[in-house]
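Scroll down for the structure; my scribbles are underneath it.
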Amino acid sequence: MSALFAANSLGEFLANNVSERWGLALAAFIHAFILINVFALAPLIFIWLERKVSGRIQDRLGPTRVGGRFGWLQGLADGGKLIQKEDLVPAAADSMLFRMAPYIACIAAFGTFMLLPFSGGWVAVASDIGLFLLVAILSLEVLGIILAGYSSGSKWSLFGGMREAAQMVSYEIPLAITALVPIVTVGSLNLVEIAEMQTSTVFLDGWLMFNNPFTFIAFFVYFTVATAGCKRAPFDLAEAESELVGGFHTEYSGMRWSFFFMAEYAAMFVVSGLASILFLGGWNTGFGFIDQALAVTRYRGALELAAIDPETGLYLTNFYLPSFLANLFGMVVFVSKASLLVFVQIWIRWTLPRLRIDQVMMTCLKYLIPISCVLFLGATLWPIGVLHFAERSTVMPFFEPIQNKIERLKGVAQKSHDDAEEERAEQDSPVSDVKDERPAVELAPAVASAPLGSEGSK
Amino acid sequence: MNFDAILEKLINDTVGQSLGHFSSELALCVTIVGLLLVRLVSLDRWLPTYWVALLGAIAAFGLAACQMKQGGATQFLFTGLLVYDQFGIFFRLFLLLFLVLVIALTVISGIPDNEDGPDFYTLLLGATIGMMLMVSANNLLILFLGIEMTSVPSYVMVGFLKGRKLSSEAALKYVIYGAGIAGVMLYGISLMAGMLGTTDMSLIAERMHLLLSPEADGADLSVRSNAMLRTVVLASLLISAGVAFKLSLVPFHFWCPDAFEGAPAEVAGFLSVASKAAAFALLVRFCLALVGKDSGALSEHVYLYLGVGLGVVAAITATFGNLAAYSQTNIKRLLAYSTIAHAGYMLMAVAAMMVLVNSDVADAKLKAAGALEGLIYYLTVYLFMNLGAFAIVAFIRNQILSEEIKDYAGLGWQAPCLGIGMVFCLFSLVGMPPFGGFFAKLMIFKSLVDAGYANPFMWVVLAIGGLNTVFSLIYYLRVLNAMYIVPRPEGSPRVKFDFLPAGAYVVMVTLPVLLTGFFPYFPDRLSDTASRVANMLISNF
Amino acid sequence: MTGEQFLFWLLALTTCGGAIAVVVSQNVVRMAFWLVVALGSVAAIYFLLHADFVGATQLMIYVGGTIVLLIFGVMLTASGPYVKIKTSPGDMVIASGVGVLVLFLLIGTVTAVDWKQAHRSLVGNEHAEYPPAPAAGYNKSNPSSGNTARPIGLKLLGVSLEDTDPTRKDAQNLSAGYLLPFEIVSVHLLVVLIGAGYLARAKRRVPVGADAVVETLAAPVPVQVGVYAGFWRRAAAMLIDGIVISAVQVPAALLMGPLTEPPSNAFVCVSSLLIFLYLAGMESSAYQGTIGKIIMRIAVTDTYGQPVSFLRAAARTLSRYLSGFCLLFGYFMALFTKRKQTLHDLVAGTLVVRRK
Amino acid sequence: MDIGLNHYLVVGAVLFVCGIICMATKRNAIGILMGVELVLNGANINFVAFSRYTALGLDGQIVSLFVIVLAAAEAAVALAIALNFYNNHLTIDVDRGDELAG
């Protein structure tokens, strides 16, 4: 969320204006508040969408009563109804775990939003290992499901929980491997970097999905696996109502029941968002001229933000409106791509019949894992072959190494930044006055107390 | 130095130097993959998988033998993670020879059927790779990794007969104790690595020396050294708990009889020899690394304490093993306790070495090398006699479907080949004069005598060892008594053993036991090699 | 209290509390839950210690993998809804007594050490600062900011970032690299996987007697369309086609310019189009195959044995690229698919059969 | 009070001791395995803390990574063995495995 707040990060911004200690706490609180409120909204919309789409697919209208013609308030109405319901805990249940389980599932699903970037730089935690961490946190959702299944004290729930455990543990493997396929192509785990590298030259050529045949297939494998990972149909064995009543959530009611679904829809959005970052260009539109212009603007914005006062050695915090707008546009593009994929998941659910549990396991262990391994191997070997070929031939001009392209764009941004600096320097000579008004932050405030021994030799 | 240069250097180091010296392990890795592929393309219907395993093991053995022949100076492989020296090569050769023999045994006794063969041999080879890492470890991470790579497949192998109650119980006990001790050991490693700021064992030696030498740093030395020393001692105690578990030394021996009784005899034989040999090699390396080479006043004390401590443990272990073996009715359990006792004898050699190596006795280094030589010789003879005993148990089990000593009644007359083999093996295990076991024990006792000049306590250990030898005669004789003196009960079917292949195998394994005892040439040759290896390690050190 | 202190005490509380709850609780599922709490907090502690990569690994493998496995085991071995195999109170008291003693011993020993001084005297000053003090500006690869993925990756190769620093003099020697354990652990994991799989699975059953009959009956009867062309015959046909095509292409290329220079884009496009037309056209023609196929007496048909349309042949030709892309695997599929189909055969729904 | 190495070491020690007690007192095989996990985590905290505060450097983090992987492998095998035990004995109570004694 950095560029939103005219500072390198919200924490810095607040640390400037309040105090370092409370600034960080406030920043954490505000981040959490924004994330939860924005993304509690997403499941609501998707639940409405699911009802609408399923209605259309079954030749019905779907919800129409609440909120005008499209029934767009239906999700909210559902929520209101569920909150009013009685919160039941069966006598046979282990009440502590039973109450705890929905929260675990929810925290895991919503926690991933910390790491999901929405546009260049608009991310709560810009971690270098973003993808890895995101997949790791997402994998915790299964714990909530299993505990729910086990603590309900009902055999249907137990079966649902066991199926979920077996299914998730198996599907995590191809999920991780197919997510690695684009990683070996771009050489970074940082989600922002991965998306930025997919700036196209002409049309769609930057998207990793079209980078080589292996990433192309990997996208479909990833999407299949991710669908299974969110226990969506046709892989929704954990809650197969025709066999297991309701599976792991048989005994749940009211708000706790709805938590599971909030988590499920949030996870759907996360895996779809991840798919669009890893394969579909993230916030890039795919039109070369638009993407490149936007990318240059964003880099320029980053440069403005990172500018350092030569006198004090502190960060200046320039706000650069074009970059902000570019990011906003990127966010719209990104969210629409992810929503489209969510729509596809819904579509699949209402089209395909559910598999049997043995078929689910066999699909994963016998087909998806070997396929993903082959894809991974192929994607690793491909650049070697292509570079070899591209060096000697002029047939494929667009196999320019991704890094070169990024460097080129960054160079353009740097140049325009430098020009602007010069211009500014020429225009207003009393630079120091302007700078004094700007808040300045100390370098790397988040780095914790100095490590042991640092006062030793220096 | 830029990144590319470093990368090139790394590639040169890895491909040019390390991989060549690592070839026997690589051969085993390739064999594991081969076993998988054979099953993948259903080739195992026509080609029994043991051929693949046997071929791979023999190839690895050949590669190791080439390395042995080449000799060469001590060097560090893989940026210092492994040490490549005569000592390590010898133990690799030892382990691979044993691996070949065990695979041959399983082929003859048929314990993994053709369907389970790939699984069994994969585990066997995997465990052997772990042991080979153990014997050449020069880094605490590799030490832990080697022990884990050895242990985890062993757990499965102990429970290999998965339908049997006993087998699953044995595996469960083994895995629970083993995993627990591994955790404890890891905690010790973490403390030691943190204290000394490195995981590299050659650096550990240096820094231990710094830690122990009084002139290291001026101010309030006693306080600093004391706290640091206590941490290191605690850490090394925790680490040695892990090694002691692998060696089944006394406070950590409890898994051994249970695991051996529940496991198939072939697996028990494998564990009793190979994992002990690897653990001894590791123990020797670790002990030598712990204290550093230069003899300061303080480090000499540490050596002495360490040696005497090991001596105490050795004496207790040998005594306990022999006493507990006395009342056993199951042959595998008896052999398990005998394994514990033998671990005690061999530990005496390590204790003597530690006492001697930095002492002021004349020719201390040479005598320390002598103790190590005794250990190596003992291990070599032990390989044959123990494997022989377990092999005979496996062959008899295939016929009479029992491992109780009382069911062995009269078998010696009905199957003369196995009976005589058993006599040789057991007498050698006791340490009777004309067999290899006698010379082995003699060498260890001799170094104990030497060590006694440095610290008279070692003479006490010697006395206990001698008493134990006499005492152990009783329970070994009980087995022979059952086989030869007690008549076969009326009505029990006559047992028929074919000479080929089981008998031939027994002859092949027991022959070295005889040769090392009867003919002076073989012990000389063997002890030459052993002393060369031992001298190399001690002098390098 | 700074943020770090607050976080530390919070996490220390949840970690230790979780661990103690694991010991105290008697229900094995609750134990698993508290274990999740404890190990999850350990992951957070790693983040606090600026070891992001280790923290993420902890979350992924430990909390998301190992514990799920454990809970799975609990479910499979549950005799009743809640297994309570109680510890006798006596054991508990003795064990906790000894445990507390050990704890005091450990803490007493460890905290008595002056680590800073210890390392200065043992290791020497030049290495004693870790992680290096943050350089000016935000440095992505600086381990002190928790971004340890790259340094760890390099370290696995045996290159540390300090080595690449040209100002360091002792950079000639490689620091310890962990390439060997990284590779050998994969062998270990393979072995362990096989071992665990062996214990967990039931024995493969060889069908005997009635079972065998049932299995044979259940097997689908293959539809006989013709005699499917074998792999080698098809490979030979491809080779002949290759010769035919290059017999035309090479002289054409020679006309355009010397062979040493890369051909122009236009030439490549035109010749690709011609090759495509040759392949697709011949296969959909009455010959039912290219020249190579005619020579080798094989033909392309659809799955009913009928000649293929141009559209289908075009699809087949295009999907040849697919077969080629996956390292020629698509071609080799003819070796083991039921009707000796390659990947492009499967895509286009065609067969290659022997001519009568 | 600044948070330093010793604080983390104490957390590690608590985890270690809890694990040991857990292994010693639990009779459920899976409970014992959980104790093992605690012990390994105690050691791992030490490694990472040493890596942050002492000259052990990145080596500590790398060791802890390997430990996590090895622990997962060990847990898988231990679980398979425990299930096998359960199949043969119809209980997971370790004390019921009493046929091997003497």
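Chains as they are written, first to last, in our numbering: chain A, 1 to 458; chain B, 1001 to 1541; chain C, 2001 to 2356; chain D, 3001 to 3102. For every residue, glycine included, the Cβ atom is placed at its ideal position computed from N, Cα and C.
Check                                                                                                                                                                                           : Outcome
Please classify A233/A: does DSSP put it in a helix, a strand, or coil?                                                                                                                         : coil
Which value, in whole angstroms, describes the spacing of the CA atoms of S1447/B and P1118/B?                                                                                                  : 44 angstroms
Going by DSSP, what residues sit across from L2351/C in a beta bridge?                                                                                                                          : T2301/C
By the 10 Å Cβ neighbour count, where 16 or more other Cβ atoms means buried, how is Q359/A classified, buried or exposed?                                                                      : exposed
Can you list, in chain order, the residues of the stretch 1125-1148 of chain B whose Cβ is nearer than 7 angstroms to any Cβ on chain D?                                                        : L1141, L1145 and E1148
Given that I3032/D touches chain C, what residues does it touch there, using C-beta distances under 9 angstroms?                                                                                : Per Cβ cutoff of 9 angstroms: no residues; I3032/D is ~11 angstroms from chain C at best.
What three-state label does DSSP hand L1077/B in the structure shown?                                                                                                                           : strand
Relative to the alpha-carbon of F1286/B, which residue among A1227/B, I1142/B and G1072/B has its alpha-carbon at the smallest distance?                                                        : I1142/B
Just to confirm, is the Cβ distance from F260/A to P43/A under 8 angstroms?                                                                                                                     : no
Would you check if the distance between the CB atom of H487/A and the CB atom of R300/A is smaller than 8 angstroms?                                                                            : Because residue 487/A is not part of the residues shown, which for chain A are 1 to 458, the question remains open.
Considering Cα atoms alone, identify which of G2097/C, A2286/C and V2353/C is closest to T2303/C.                                                                                               : V2353/C
Under the three-state reduction of DSSP, which class applies to T394/A: helix, strand or coil?                                                                                                  : Low per-residue confidence applies at T394/A: pLDDT is 45, beneath 50, and the placement is therefore not dependable, though the value from the model is reported in the following sentence. In this structure, T394/A counts as coil in the three-state DSSP scheme.
So which residues on chain D does E1266/B lean against when the C-beta distance must stay under 9 angstroms?                                                                                    : Correct list: empty, because the minimum Cβ distance to chain D is about 18 angstroms.
What residue range does the beta strand (DSSP E) around V1542/B cover?                                                                                                                          : Here chain B has residues from 1001 to 1541 only, and residue 1542/B is not among them.
Where does D1258/B fall in DSSP's three states?                                                                                                                                                 : helix
Can you tell me the Cα-Cα spacing of Y1475/B and A1451/B, whole angstroms?                                                                                                                      : 30 angstroms
Please compile the residues from chain A whose C-beta is within a distance smaller than 7 angstroms of the C-beta of D2114/C.                                                                   : Within chain A, no residue comes near D2114/C; the closest Cβ sits about 11 angstroms away, beyond 7 angstroms.
Measuring only the C-alpha atoms, how far is R1532/B from F1094/B?                                                                                                                              : 15 angstroms
Which residue from S95/A, D128/A and I57/A puts its Cα closest to that of L352/A?                                                                                                               : I57/A
Taking one C-beta from the stretch 1393-1410 of chain B and one from the stretch 1374-1385 of chain B each time, how about it: are there three or more such pairs within less than 8 angstroms? : no
Look at the alpha carbon of Y367/A and the alpha carbon of D1044/B, and state the distance between them as a whole number of angstroms.                                                         : 23 angstroms
Does the CB of I1474/B have a neighbour CB from chain D at under 8 angstroms?                                                                                                                   : no
Does V2227/C pass the burial test, meaning 16 or more other C-beta atoms within 10 Å, or should it be called exposed?                                                                           : exposed
Is it buried or exposed for I2243/C, if we count other Cβ within 10 angstroms and need 16 for buried?                                                                                           : exposed
Determine the direct distance from the alpha carbon of G2324/C to that of V2268/C, and round the result to whole angstroms.                                                                     : 18 angstroms
Helix, strand or coil, according to DSSP, for N1468/B in the structure here?                                                                                                                    : helix
Residues of chain C with a CB under 7 angstroms from the CB of N3084/D: which are they?                                                                                                         : L2199
Does M2075/C have its Cβ less than 8 angstroms from a Cβ in chain D?                                                                                                                            : no
Could one say the Cβ of V3077/D lies closer than 8 angstroms to chain C's Cβ atoms, at least one of them?                                                                                       : yes
Helix, strand or coil: which one does DSSP assign to F1519/B?                                                                                                                                   : coil
By the 10 Å Cβ neighbour count, where 16 or more other Cβ atoms means buried, how is Y1121/B classified, buried or exposed?                                                                     : buried
Could you check where the alpha helix (DSSP H) with W257/A kicks off and where it finishes?                                                                                                     : G254 to L278
Give the DSSP-derived three-state secondary structure of D1200/B in the structure shown.                                                                                                        : strand
For A1137/B, which three-state DSSP category applies?                                                                                                                                           : strand
Using C-beta distances below 6 angstroms, list every residue in its chain close to F1612/B, excluding the 5 sequence neighbours before and after it, in chain order.                            : This structure cannot speak to residue 1612/B, because chain B is shown only from 1001 to 1541.
Classify Q84/A as buried or exposed, calling it buried when 16 or more other Cβ atoms lie within 10 Å of its own Cβ.                                                                            : exposed
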